[in-house]
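**Student:** Structure provided below as structure tokens; questions to follow.
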Amino acid sequence: MDDNTNIASFKIILDGFREDSDAKAVGVAVGATIQKLANALNLASLVGVTISYNYQLALNSVDRGFETSMELSPSSGDVIGVAMTVGVLRDGKNCAYIVFHAPYLEGILEPNSEDWLIALGIIAHECAHVSNLAALNKCFPGMLLTHRCKNIHDQLRINCWMAVIEEYCATRLSVVFDERQIDRLKDTFIKQAENLYDYVKDETFHYQMHRDVDLTLDKVYSAIASTLTLAAYYLGACAGMSVNFREGNEETFPSFEWLLPFIERLDFACDGIFERYGHWEGVDEMEVISDILDSIAVHLGVTVRETPKGIHVGINSF
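As numbered in our numbering, residues 19 to 336 make up the sequence shown, in order.
See below:
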């Protein structure tokens, strides 16, 4: 490795390739790409990369450096997981490890092709996550791996702001490497946003029959958090390209007009957080995102109130 202080020595594991020559070529190309990205991103905490055709097995094989019951699994549904940046411990230090699903990086061997741009965008996005983890660990030492939530509401709030700010910052930092992704990110967000109201309506109706508060709270909050996270991808891409997120969407956004004031709040909050990237002084700066989560839940009939004895959840069908 060179003398760039934004990156240290890291290993690359290649798995499942038919030919050793193909594996070596991909490894060299990905390694060189990461080296170049280190000129713009802080990758000093990156300790390793796996490029595998067996994505789930590769995720299972990551040495986390600490005991955990939480398994790593790729996202599915409308958003298919093709790579993941994992927080790990090495010699007591917070570090990062990237796992790539190999088929999506094959284009890295075809410079300037469409597949090359896709592969470059994936690599850049994950490297931006490495930078994000370093920034969060610097400002909140140990929190990402050791924080214990006081209740399910606290856990849902933390999970939300972490996912939102991770994807907003990663996309804002990396969209320049594949600007075409903005349309795909917009379409994915719109699909989720259009379904949110009816989904929550169904879940609050089902609650009247099964009366399982924790189940309903988890499903409703997770659906809202997923919507905010997909919005964060799109908002981050727009910010990275200096585009107003409403621009050109006059016909599609009215289908979820009720949600737009909350997305405006999210856009403002994420932009403010990004402006202080790596210099955050307290978790309360991030919790403005969780407050938006709560506000949407209240709008949809689910209220959570903290009490000395725990949390009180009100669920109204509509």
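Quick reminder that beta carbons are idealized off the backbone N, C-alpha and C, glycines included.
1. If you check the beta carbons only, do I314 and L246 fall under 9 Å apart?
2. Decide if the segment 189-207 is in contact with the segment 250-265; the criterion is three or more beta carbon pairs, one per stretch, under 8 Å apart.
3. Could you tell me whether the segment 143-151 touches the segment 99-117, using the rule of 3 or more Cβ pairs below 8 Å?
4. Measure the CB-CB distance between F207 and Y252 and report whether it falls below 9 Å.
5. By Cβ distance, which residues of its chain are closer than 6 Å to A255, with the 5 residues on each side in sequence left out?
6. Can you grab the Cα-Cα spacing for the pair I333 / A153, in whole Å?
7. Give a yes or no on whether the minimum CB-CB distance between K42 and chain B is below 9 Å.
8. Could you work out which residue in A47, K156, L151, L248 is closest to V182 when comparing CA atoms only?
9. Using 8 Å for Cβ pairs, my map puts N60 next to N112. What's the rounded Cβ distance?
10. Whole angstroms is fine: what's the gap from F28's alpha carbon to A62's?
11. Out of P121, Y73, G296, which one is the CA nearest neighbour of D343?
12. DSSP three-state label for F118, please.
13. Quick check on this structure: which residue in N169, D220, R264, S273 has the alpha carbon closest to the alpha carbon of E212?
14. What is the rounded straight-line gap between the Cα of H16 and the Cα of V322?
15. Do L64 and V80 have their C-beta atoms within less than 9 Å of each other?
**Tutor:** Short version:
1. yes
2. yes
3. yes
4. yes
5. T189, V193, I200, L203
6. 37 Å
7. Absent here is chain B; the protein component of the structure consists of one chain.
8. L248
9. That pair is no contact at about 13 Å.
10. 9 Å
11. Given a span of 19 to 336 for the chain in the structure shown, any question on residue 343 remains unanswerable.
12. strand
13. S273
14. Past the boundaries of the shown model lies residue 16; the chain is included only from 19 to 336, so the question cannot be answered.
15. no
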